[in-house]
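Everything on this sheet refers to the single structure shown next.
This is the structure we're talking about:
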């Protein structure tokens, strides 16, 4: 399952993202009941998050956080959260001469792989 959080000013193909993440769940043998949140933020917010959690004063294109402890009240089995800096995704796509959707897919997969590696709970 996937939750996408994004301001309306960011142009996203939610259906494509949902299909892509569903394919990744199958590829990496992740239970379809697990929930991944994908959050799109601006440059200032990403810089703030990177500063807080990575101690880096830059806007990174992607950050991923596994939810290693699930409370008993958490019935949706949240697996992790992928935070994408939309302006950085656009710049990175232009820099590498790729489509924005392809760059987004690459960063989402990178984030999901990091969640898998860092998660201590069984998939």
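Numbering (the numbering used here), first residue to last: 676 to 798. From the three backbone atoms N, C-alpha and C, an ideal C-beta is built for every residue, glycine too.
{"Query": "Smallest Cα separation from residue 720: which of 692, 787, 681?", "Result": "681"}
{"Query": "Does the beta-carbon distance from residue 787 to residue 759 come in below 8 Å?", "Result": "no"}
{"Query": "Please state whether DSSP places residue 715 in a helix, a strand or coil.", "Result": "strand"}
{"Query": "Between residue 689 and the rest of its own chain, which residues show a CB-CB distance below 6 Å, the 5 nearest in sequence each way excluded?", "Result": "679"}
{"Query": "Along the chain, where does the beta strand (DSSP E) containing residue 737 start, and where does it finish?", "Result": "737-741"}
{"Query": "Taking residue 731 as part of the alpha helix (DSSP H), name the residues at either end of that continuous run.", "Result": "Looking at the DSSP string, residue 731 is not in any alpha helix (DSSP H), and its letter there is neither H nor E."}
{"Query": "Do the stretch 752-771 and the stretch 702-722 touch if we need at least three Cβ pairs shorter than 8 Å?", "Result": "yes"}
{"Query": "Report yes if the CB atom of residue 700 is closer than 8 Å to the CB atom of residue 780, and no otherwise.", "Result": "no"}
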